[in-house]
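Asker: What follows is a structure written as structure tokens; I'll ask about it next.
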Amino acid sequence: MIRRLDIYIAFAFLWPFLICFLALTGLMVVFDAFAKLDDFIELGLKDLARVMGRYYLLFIPIKMSQLLPAVTLMGAGLGLVRLAKFNELTAMKACGISLYRIVMPMFILAVLLGFASRWNQERLIPRIAEEMERLSRTVEHKDVVTNIAGDSPTLDMFRIYEYNMLDHSMKGISALQLWKDQPVRTKKRQIFAESGTWVGRDWDLRDVTIRDFDREGRPDGPPKKPAQYIVEADLTPEDLKLMPVDPGLMSSDGLKALIRKEPTNLKYRVLLHGRAVQPLVGVVLLLIGIPFIVGYETLSHSRFLGLLACIVVCGVFWTLTFLCNSLGTSGYCPPALAAWLPVMLFGAVGLLLFDAAKT
């Protein structure tokens with residue numbers, strides 16, 4: 001049953017949580033904008049507002065999953081510091097309410113925020129990752145890629161001299177199809193195009209020259225020169241590594257696909273196990289952070305020291321996470337253990353601290 005006290009504690013947590021989230025997000029946007037200031041200026045006034053606005057509209061959800069665990073601890077820490085400063089915690093304990101019961105709404109909200117972060121990582125971020133990569137290349141003036149080649153079951157060789165990632169336009173395209181139902185594969189069709197565009201799931205080629213060959217490899221009739229030719233291929237820009245997406249921005253299904261393609265790359269396995277851990281990180285930080293803050297008289301009455309304690313706890317946790325992930329990626333530690341070890345260690349220490357705290 002939700003009591004009035006639970007609602008009060010929830011708001012005591014949510015208000016500083018919101019302020020910290022907006023402040024940290026704003027700082028990240030400002031620092032990133034200053035770091036890319038020259039690149040933005042070179043875009044010109046015509047594209048500056050459009051590209052910059054769209055870039056940071058996608059930037060915020062991507063950073064949200066990274067920020068939420070730390071901001072969850074900061075919100076809880078500052079909320080408890082405020083309650084302790086005005087002796088509200090003491091009054092609650094005097095009424096027979098334990099610390100466990102007081103902070104229970106914060107833990108419930110931390111669990112909900114953890115699953116919201118997981119949903120953001122699995123559903124929203126993969127949808128915007130490709131566009132974010134394209135905008136990043138545009139901002140850094142790396143939107144044109146040259147000399148790309150690839151192949152697929154339907155296209156045995158596909159080459160592009162120049163590809164514009166901003167509008168998916170191409171120049172200098174050549175494709176080759178082979179006869180595959182004979183011992184010695186010979187040319188079946190050669191395709192050359194002056195320009196083209198990636199549209200949906202097809203390659204739309206313009207100013208095309210097509211040469212067909214018989215099974216002996218001899219020309220089968222004169223070249224065809226249609227103005228437009230649609231290649232329905234299972235070869236996408238991502239397959240050609242024109243728009244390589246950061247594995248950290250992929251969904252779990254995307255990571256599983258990468259593992260099937262590159263089973264020896266341990267980085268993908270560490271990232272995949274990390275997705276299972278993600279909803280628990282905020283809860284674990286609360287387990288170790290709350291008794292650490294409330295248990296010290298000086299920290300529990302100073303917003304600055306309380307915030308500093310939260311930052312230190314988060315810093316130690318992320319440092320340990322980075323070290324474990326590095327060990328897992330390099331093969332010195334099993335990927336599952338690399339992902340779960342920081343959570344297990346901090347969870348165990350947090351439970352011990354909570355048990356020792358004056359409740």
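Residue 201 in my numbering sits at position 201 of the sequence shown, and the numbers go up by one each step. Ideal Cβ positions, reconstructed from N, Cα and C, are used throughout, including at glycine.
Taking the C-alpha atoms as reference points, what is the distance between Pro125 and Ile108?
Answerer: The question names Pro, yet the displayed sequence has Ile at residue 125. For Ile125 and Ile108, the distance between alpha carbons rounds to 24 Å.
Asker: Among the candidates Leu323, Val231 and Leu285, whose CA atom is the shortest distance from the CA of Leu337?
Answerer: The option with the nearest alpha carbon to Leu337 is Leu323.
Asker: Alpha carbon to alpha carbon, how far is Lys87 from Leu99?
Answerer: What sits at residue 87 in the sequence shown is Asn, not Lys. Near 14 Å, if we compare the C-alpha coordinates of Leu99 and Asn87.
Asker: Measure the C-alpha to C-alpha separation of Leu155 and Lys188 and round it to an integer number of angstroms.
Answerer: Going from the Cα of Leu155 to the Cα of Lys188 covers about 11 Å.
Asker: Terminal residues of the continuous beta strand (DSSP E) containing Arg185?
Answerer: Counting along the chain, Arg185 falls outside any beta strand (DSSP E), and DSSP gives it neither H nor E.
Asker: Does Asp202 come out as helix, strand or coil in the three-state DSSP assignment?
Answerer: Three-state DSSP puts Asp202 in a strand.
Asker: Are Asp207 and Glu194 touching if we call contact CB-CB under 7 Å?
Answerer: Taking 7 Å as the Cβ cut-off, Asp207 and Glu194 qualify as a contacting pair.
Asker: Have a look at Leu305 and Ile293 and give me their C-alpha separation to the nearest angstrom.
Answerer: Approximately 9 Å, taken between the alpha carbons.
Asker: Just verifying my parser: in three-state terms, what is the DSSP assignment at Ser98?
Answerer: Three-state DSSP puts Ser98 in coil, outside helix and strand.
Asker: To the nearest angstrom, how far is it from the Cα of Leu272 to the Cα of Leu255?
Answerer: Spanning the two alpha carbons is a distance of roughly 6 Å.
Asker: Is Pro16 helix, strand or coil when you go by DSSP?
Answerer: DSSP places Pro16 in helix when its eight states are reduced to three.
Asker: For the stretch 46-128, list the alpha helix (DSSP H) runs that are entirely contained and at least 4 residues long, ordered along the chain.
Answerer: Segments of the alpha helix (DSSP H) lying fully in the stretch 46-128: 88-94 and 99-119.
Asker: How would you write the range of the alpha helix (DSSP H) that Arg269 sits in, first residue to last?
Answerer: Segment Leu266 to Val294, the alpha helix (DSSP H) holding Arg269.
Asker: Find the nearest neighbour of Asn120 within the set Ser326, Ala10, Ile9 and Met64, judged by alpha-carbon distance.
Answerer: Checking every option, the nearest Cα to that of Asn120 belongs to Met64.
Asker: Three or more beta-carbon pairs under 8 Å between the stretch 65-72 and the stretch 31-49, yes or no?
Answerer: No: fewer than three Cβ pairs fall under 8 Å.
Asker: Leaving aside the five residues before and after Ser169 along the sequence, list all residues of the same chain whose C-beta is less than 6 Å from its C-beta, in chain order.
Answerer: Contacts found: Thr197.
Asker: What residue from Leu18, Leu176, Ile62 and Gly331 has the CA that sits closest to Val29's CA?
Answerer: Checking every option, the nearest Cα to that of Val29 belongs to Ile62.
Asker: Nearest-angstrom Cα distance between Leu258 and Arg101?
Answerer: Their Cα atoms are separated by approximately 44 Å.
Asker: Quick one: is Phe31 buried, meaning 16 or more other Cβ sit within 10 Å of its Cβ, or exposed?
Answerer: Exposed: under 16 other Cβ atoms inside 10 Å.
Asker: Measure from the alpha carbon of Glu140 to the alpha carbon of each residue in Val51, Thr209 and Ile173, then state which is nearest.
Answerer: Nearest of Val51, Thr209 and Ile173 to Glu140, Cα basis: Val51.
Asker: Measuring alpha carbon to alpha carbon, tell me which of Pro334, Val283, Ser117 and Leu286 ends up nearest Arg275.
Answerer: When each option's Cα is compared against that of Arg275, the closest is Ser117.
Asker: Go through its chain and collect everything with a Cβ distance to Pro223's Cβ below 6 Å, but skip five positions before and after it.
Answerer: Result list for Pro223: Thr209 and Arg211, in chain order.
Asker: For Thr219, does the three-state DSSP call read helix, strand or coil?
Answerer: It is Pro, not Thr, that sits at residue 219 in the sequence shown. Note: Pro219 maps to strand in three-state DSSP.
Asker: For Pro16, which option in Ile9, Gly53, Gly75 and Leu24 has the closest C-alpha, if you only look at C-alpha atoms?
Answerer: With distances taken between Cα atoms, Pro16 lies closest to Gly75.
Asker: Provide the residue span of the beta strand (DSSP E) that contains Arg159, from first to last.
Answerer: Counting along the chain, the beta strand (DSSP E) containing Arg159 begins and ends at Met157 to Asn164.
Asker: From Ala94 to Val349, what does the alpha carbon distance come to, in whole angstroms?
Answerer: Those two C-alpha atoms are separated by around 27 Å.
Asker: Determine which residues share a DSSP beta bridge with Tyr229 and list them.
Answerer: Per DSSP, Leu205.
Asker: Go through its chain and collect everything with a Cβ distance to Thr321's Cβ below 8 Å, but skip five positions before and after it.
Answerer: Correct list, in chain order: Pro342.
Asker: Output the boundary residues of the alpha helix (DSSP H) element that contains Leu363.
Answerer: As displayed, the chain neither begins before 1 nor continues past 359, which places residue 363 out of reach and without an answer.
Asker: Per DSSP, what kind of secondary structure is Asp39 in: helix, strand or coil?
Answerer: In the structure shown, Asp39 sits in a helix (DSSP, three-state: H, G or I).
Asker: Pick from Gly79, Phe59 and Ile60: whose alpha carbon is nearest that of Ile7?
Answerer: The shortest Cα separation from Ile7 among Gly79, Phe59 and Ile60 belongs to Gly79.
Asker: Taking C-beta to C-beta, are Pro334 and Leu266 nearer than 7 Å?
Answerer: For Pro334 and Leu266, no; Cβs fall outside 7 Å.
Asker: Output the distance between the C-alpha atoms of Leu353 and Leu43, rounded to the nearest integer angstrom.
Answerer: For Leu353 and Leu43, the distance between alpha carbons rounds to 53 Å.
Asker: Just confirm the distance between the C-beta atoms of Met106 and Ile19, as a whole number of angstroms; I'd bet it's less than 8 Å.
Answerer: Rounded, the Cβ-Cβ distance is 16 Å, inconsistent with contact.
Asker: Using a threshold of 7 Å, state whether the C-beta atoms of Leu308 and Leu73 are closer than that.
Answerer: Contact flag unset, no.
Asker: Where do the ends of the beta strand (DSSP E) carrying Gly172 lie?
Answerer: It spans Ser169 to Leu178 - the beta strand (DSSP E) in which Gly172 sits, taken as one unbroken run.
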